[in-house]
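Single-structure report; data block below.
Structure follows, in structure tokens:
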């Protein structure tokens, strides 16, 4: 894998990935996470979601710190850290709505767009399991450190 250097690289890397774990502070000040469907990843690294404005975690999240963690399924982990922004405009909601998103909202739900205004993207990679085993064995024999992945940060 080529290491991502820009938000556009990360967007390409995550093409087709649909779920993120969204972490926000709750009413007690502790962190709480939930899976949310990704509606859009922008070229500048912002993430957009459709959520229910009535969910107990949504309003306290508005303008607060937020993190979205994504695993691409191929040994890549990506963290988007930033601030939450809510957008109740019908134009934005319509832009993000698709046939699948409708299934998540019941008749009493109030869809609202939630944006992760990303400040920093961090990423980690891991080699395949066989490579990891070989690298660990080699390191044990040679007294070196195993080369089983890489990581980096992109400030946006």
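Residue numbers (the numbering used here): 8 to 163.
By construction, the Cβ of each residue, glycine as well, lies at the ideal position given by its N, Cα and C atoms.
Just so you know, these numbers come straight off a predicted model, no measurement behind them.
Item: Using the three-state DSSP reduction, which class does residue 163 fall into: helix, strand or coil?; Value: coil
Item: Can you look up residue 97 in the DSSP assignment and give me helix, strand or coil?; Value: helix
Item: My guess is that residue 24 and residue 77 are in contact by the Cβ rule of under 8 Å, so how many angstroms apart are they, rounded?; Value: 6 Å
Item: What residue from 37, 131, 53 and 45 has the CA that sits closest to residue 14's CA?; Value: 53
Item: Taking residue 11 as part of the beta strand (DSSP E), name the residues at either end of that continuous run.; Value: Looking at the DSSP string, residue 11 is not in any beta strand (DSSP E), and its letter there is neither H nor E.
Item: If I'm right that residue 135 touches residue 50 with Cβ under 8 Å, what's the distance once you round it to whole angstroms?; Value: 30 Å between Cβ atoms; not a contact.
Item: Taking C-alpha atoms, which residue in 73, 70 and 80 lies nearest to residue 21?; Value: 80
Item: Helix, strand or coil for residue 114? Go by DSSP, reduced to three states.; Value: coil
Item: Can you give me the C-alpha to C-alpha distance between residue 144 and residue 17, rounded to a whole angstrom?; Value: 31 Å
Item: State the start and end residues of the unbroken beta strand (DSSP E) segment that holds residue 172.; Value: Because the chain spans 8 through 163 in this model, residue 172 falls outside it and cannot be assessed.
Item: Could you check whether residue 56 and residue 74 sit closer than 8 Å to each other, using their CB atoms as the reference points?; Value: no
Item: Suppose the cutoff is 7 Å on Cβ atoms and the five residues either side in sequence are ignored; what does the same chain contact list for residue 89 look like?; Value: 73, 123, 124, 125 and 126
Item: Using only the alpha-carbon positions, how far apart do residue 103 and residue 36 sit?; Value: 30 Å
Item: Specify, as a first and last residue, the run of the beta strand (DSSP E) that residue 7 falls within.; Value: Here the chain has residues from 8 to 163 only, and residue 7 is not among them.
Item: Quick one: give me the first and last residue of the alpha helix (DSSP H) that residue 68 is part of.; Value: 65 to 68
Item: Compute the Euclidean distance between the alpha carbons of residue 106 and residue 98, then round it to the nearest angstrom.; Value: 16 Å
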